[in-house]
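Here the structure comes first, spelled out in structure tokens, and everything after it is commentary.
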Amino acid sequence: MTEPSDEKPPAVQGLSASEVLHLLEDYKAAPSSATLDRLAVEYDVDRTLIGKLVQFVRAPEEQPLP
């Protein structure tokens with residue numbers, strides 16, 4: 161079993177780093193299935209890939225900083 165820190169984020173082909181950041185910020189502002197659908201259309205990216213990406217970067221708010 162791999163440690164979470166060993167996992168690689170899903171690759172989002174065709175988007176710049178700033179577009180990925182905006183996508184994640186949009187989802188964080190309204191985390192819902194409808195938001196995933198809208199972002200998939202807006203950024204022309206597979207909805208499942210966006211879902212995997214937001215799951216990868218999401219961390220519990222109560223997680224202590226190192």
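Count along the sequence shown starting at 1, add 160, and that's the number in my numbering. Heads up, the beta-carbon is just placed ideally off N, CA and C, and yes, glycines get one too. Owing to the predicted nature of the structure, the values given are computational and were not obtained by experimental measurement.
Considering only the beta carbon of each residue, do residue i and residue j sit closer than 7 Å?
i            : j              : result
alanine 200  : isoleucine 210 : yes
tyrosine 187 : valine 205     : no
Less than 8 Å between the CB atoms is what I'm expecting for residue i and residue j, so what's the real figure, rounded?
i            : j           : result
tyrosine 203 : leucine 181 : Actually they are not in contact, since the Cβ atoms of tyrosine 203 and leucine 181 sit about 12 Å apart, beyond 8 Å.
Any idea if residue i is buried or exposed, counting beta-carbon neighbours within 10 angstroms, 16 or more meaning buried?
i              : result
methionine 161 : Bear in mind that the predicted position of methionine 161 carries a pLDDT of just 46, short of 50, making it too unreliable to give a figure here.
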